[in-house]
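**Q** Under our numbering, residues 12 to 319 are what the sequence shown spells out, in order. For glycine and all other residues, C-beta sits at the position ideal for the given N, C-alpha and C.
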Amino acid sequence: MSAAETLEAGGRFHSGFVTFVGRPNAGKSTLLNRIVGRKIAITSSTAQTTRHRLTGVRTTDTCQLVIVDTPGLHKPHDALGQELNESALQALDGVDCVAFLLDASKPAGRGDEWVAQHVARLDAAKILVVNKADLVEQDVVDAQVEAARPWADWDAVCVLSARTGAGVDEFVDAVSSLLPEGPHWFPADMDTDQPEEVMVAEFIREKILRSFRDEVPHAIGVAVEEMEYVKRSDLMRIYALIYVEHDSQKGIIIGKGGQALKEIGTQARADLESLLGCRVFLDLRVKVKKNWRRDVNQIRRFGYGQGI
Ligand SMILES: Nc1nc2c(ncn2[C@@H]2O[C@H](COP(=O)(O)OP(=O)(O)O)[C@@H](O)[C@H]2O)c(=O)[nH]1
Ligand SMILES: [Mg+2]
Numbered sequence: 012m013s014a015a016e017t018l019e020a021g022g023r024f025h026s027g028f029v030t031f032v033g034r035p036n037a038g039k040s041t042l043l044n045r046i047v048g049r050k051i052a053i054t055s056s057t058a059q060t061t062r063h064r065l066t067g068v069r070t071t072d073t074c075q076l077v078i079v080d081t082p083g084l085h086k087p088h089d090a091l092g093q094e095l096n097e098s099a100l101q102a103l104d105g106v107d108c109v110a111f112l113l114d115a116s117k118p119a120g121r122g123d124e125w126v127a128q129h130v131a132r133l134d135a136a137k138i139l140v141v142n143k144a145d146l147v148e149q150d151v152v153d154a155q156v157e158a159a160r161p162w163a164d165w166d167a168v169c170v171l172s173a174r175t176g177a178g179v180d181e182f183v184d185a186v187s188s189l190l191p192e193g194p195h196w197f198p199a200d201m202d203t204d205q206p207e208e209v210m211v212a213e214f215i216r217e218k219i220l221r222s223f224r225d226e227v228p229h230a231i232g233v234a235v236e237e238m239e240y241v242k243r244s245d246l247m248r249i250y251a252l253i254y255v256e257h258d259s260q261k262g263i264i265i266g267k268g269g270q271a272l273k274e275i276g277t278q279a280r281a282d283l284e285s286l287l288g289c290r291v292f293l294d295l296r297v298k299v300k301k302n303w304r305r306d307v308n309q310i311r312r313f314g315y316g317q318g319i
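1. Grouping DSSP H, G and I as helix and E and B as strand, with all else coil, what is T30?
2. Give the secondary structure of H129 by DSSP, where H, G and I count as helix, E and B as strand, and everything else as coil.
3. Could you please give the first and the last residue of the uninterrupted beta strand (DSSP E) stretch that includes E239?
4. Hey, out of E274, I249 and T30, whose CA is closest to K137's CA?
5. Under the DSSP definition of a beta bridge, which residues are partnered with L146?
6. Can you list, in chain order, the residues of its chain whose CB lies under 7 Å from that of S116, leaving out five sequence neighbours each side?
7. Per the DSSP calculation, F292 is bridged to which residue(s)?
8. Would you call H25 buried or exposed, if buried means 16 or more other Cβ atoms sit within 10 Å of its Cβ?
9. Hey, out of D245, G38 and E236, whose CA is closest to Q59's CA?
10. Going by beta-carbon coordinates alone, are Q260 and V291 separated by less than 8 Å?
11. On the three-state DSSP scale, how would you describe Y195?
12. Assign T277 to one of three DSSP states: helix, strand, or coil.
Now the structure itself:
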């Protein structure tokens with residue numbers, strides 16, 4: 012029987028809110044993109060890549076998963092870190108299901124256990140997810156599962172690779188079976204709650220995260236000043252500002268003869284054209300805003316953490 016037939020035969024529609032938690036870099040945003048079926052969340056190997064709490068929606072004939080991706084939980088070092096933690100913890104309130112992600116390639120440690128302790132206390136279905144299974148042998152996966160098993164009362168255990176997609180359908184099935192009966196919370200054709208301008212700013216920030224090391228990625232904030240669609244040439248003109256904290260960082264982002272900034276622009280434009288489905292003209296400027304990461308108002312103005 013197909014899913015649609017099951018519904019007609021008296022099965023009820025299931026839906027609910029699912030939160031992904033786990034330490035930075037576990038692969039939460041990659042898994043979200045994989046489940047939604049297109050890139051809505053940025054990813055990188057830099058910690059604190061995700062600064063927004065964002066929602067991705069996957070709707071099937073029988074079920075709707077409303078997935079909340081969070082900045083990873085970690086020990087905060089500054090106001091930005093604190094905001095990101097608050098945002099991640101708040102996202103746990105009242106959800107139907109929590110998926111706790113572990114990176115298979117890093118031995119489960121105290122940091123993971125700390126996150127799992129928050130999960131264990133929740134009145135929600137709990138799934139242990141061991142991600143990045145493509146990177147390790149089966150015995151390593153088994154060891155991760157055994158290490159994490161006592162941390163909470165898991166309703167399901169899933170081993171998968173968000174990168175290759177292996178095991179992801181099984182994970183979606185596991186979540187679906189744990190969700191209560193419920194309505195469509197979002198229209199079936201809607202896959203994210205993020206405004207276009209926020210996604211554009213984030214896609215630009217992703218290129219910076221992937222191009223620079225050390226402090227630079229953390230010191231960056233991106234804001235879209237203006238987006239203007241020119242119908243005649245099917246072109247979106249985008250004007251965006253990249254904020255840094257110090258003059259030296261501005262120099263690094265711009266690079267010799269503007270080369271580094273140009274490269275960021277080229278990479279971002281390619282991504283933005285597939286996001287927006289039209290040609291893109293991208294104007295990027297770099298501005299210094301001293302110590303913005305200590306300024307909660309500025310953090311929220313960017314929309315990071317709990318946003319405005
Ligand atoms: N090999 C491998 N890499 C992955 C997998 N999932 C995520 N990654 C990589 O791990 C890094 C962190 O992923 P991201 O989704 O940004 O992690 P987040 O901080 O938990 O949201 C990125 O470089 C991803 O490409 C996976 O299943 N296999
Ligand atoms: Mg992320």
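**A** Taking the definition as stated:
1. strand
2. helix
3. G232 to V241
4. Residue nearest to K137 within the set E274, I249 and T30 is T30 (criterion: CA-CA distance).
5. In DSSP, L146 forms no bridge with anything.
6. K143, L146 and V147
7. R248
8. buried
9. Of D245, G38 and E236, the residue nearest in Cα terms is G38.
10. no
11. First, the residue type needs correcting, since residue 195 is His and not Tyr in the sequence shown. H195 falls in the coil class under three-state DSSP.
12. helix
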